[in-house]
Amino acid sequence: AQSVTQLGSHVSVSEGALVLLRCNYSSSVPPYLFWYVQYPNQGLQLLLKYTTGATLVKGINGFEAEFKKSETSFHLTKPSAHMSDAAEYFCAVTGNTPLVFGKGTRLSVIA
Amino acid sequence: ETGVTQTPRHLVMGMTNKKSLKCEQHLGHNAMYWYKQSAKKPLELMFVYSLEERVENNSVPSRFSPECPNSSHLFLHLHTLQPEDSALYLCASSQDRKEGYEQYFGPGTRLTVT
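The listed protein sequences correspond, in order, to chains A and B.
Under our numbering, think of the first position of the first sequence as 308, with each following residue one higher.
Under our numbering, think of the first position of the second sequence as 2, with each following residue one higher.
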């Protein structure tokens with residue numbers, strides 16, 4: 308079985324500051340990991356995914372995430388926050404089951 | 002139309018009504034999904050269809066009834082709902098239901114049960 312824990316239901320950063328959203332997973336098989344973003348009144352949009360190979364994954368809008376097996380983590384980062392990054396972010400894992408999502412982290416960006 | 006579309010975007014219904022949610026994917030995918038998104042709760046997977054066959058039903062109450070007439074269309078039929086069923090219902094599709102394939106989501110239907 309798989310599970311995901313997102314640390315911090317709400318993260319607030321200043322515009323131009325580093326964005327760090329934390330995700331830890333549990334999986335009994337090699338995991339596939341995803342980050343999705345949800346803007347108000349919209350569905351989820353894929354930011355990036357890790358399947359196999361390179362552990363540093365680059366996604367859209369300047370986001371990237373690093374798969375660290377030893378820490379069972381897949382944290383999402385962006386060097387410089389933009390106002391348009393304000394949204395809800397979801398980490399998800401799958402291995403031998405359908406996608407399992409975390410509870411989400413709401414990112415606020417302060418001007 | 003591109004991607005995954007859902008209609009209606011908003012729905013208000015009484016507990017005795019019958020309504021249906023519609024989802025259509027224009028991506029040529031083989032798998033489709035219904036999710037329920039409630040405030041402060043993780044996304045809940047409700048149903049999975051693969052090549053028009055239901056392959057997963059996560060203990061969803063019988064007042065929710067899915068239908069997949071072909072690989073591009075997915076419906077969720079609703080009847081005698083409860084106020085706690087108010088939520089955002091999201092449809093998604095993927096190339097295959099196997100792990101590793103990302104899911105593409107529609108914009109959702111905001112359902113309010115009065």
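Glycine included, each C-beta is placed from N, C-alpha and C at the ideal position.
Note that the structure is predicted; figures quoted are calculated from it, not measured.
Contact annotation, Gly-402/A with Tyr-339/A: C-beta distance approximately 7 Å; criterion of less than 8 Å satisfied. As a beta-bridge residue in DSSP terms, Phe-374/A pairs with Phe-381/A. By the CB criterion at 7 Å, Val-5/B and Tyr-105/B fall inside the cutoff. As the crow flies, the alpha-carbon of Leu-325/A is around 44 Å from that of Cys-69/B. Restricting attention to Thr-384/A, Glu-322/A, Pro-337/A, Gly-315/A, the CA atom closest to the CA of Ser-377/A is found in Pro-337/A.
DSSP lists Tyr-339/A as the bridge partner or partners of Thr-401/A.
Taking 7 Å as the cut-off, the Cβ atoms of Phe-76/B and Lys-23/B count as close. Distance from the CA atom of Arg-55/B to the CA atom of Gly-323/A, rounded to whole angstroms, is 46 Å.
Within the stretch 334 to 347 of chain A, the residues whose Cβ lies closer than 7 Å to some Cβ of chain B are Tyr-339, Phe-341, listed in chain order. Within 10 angstroms of the beta-carbon of Val-13/B lie fewer than 16 other beta-carbons, which makes it exposed. In this structure, the beta-carbon distance from Phe-397/A to Leu-383/A does not fall below 7 Å. Bounds of any beta strand (DSSP E) do not take in Ser-387/A, whose DSSP letter is neither H nor E. In the three-state reduction of the DSSP assignment, Asn-368/A falls in the helix class.
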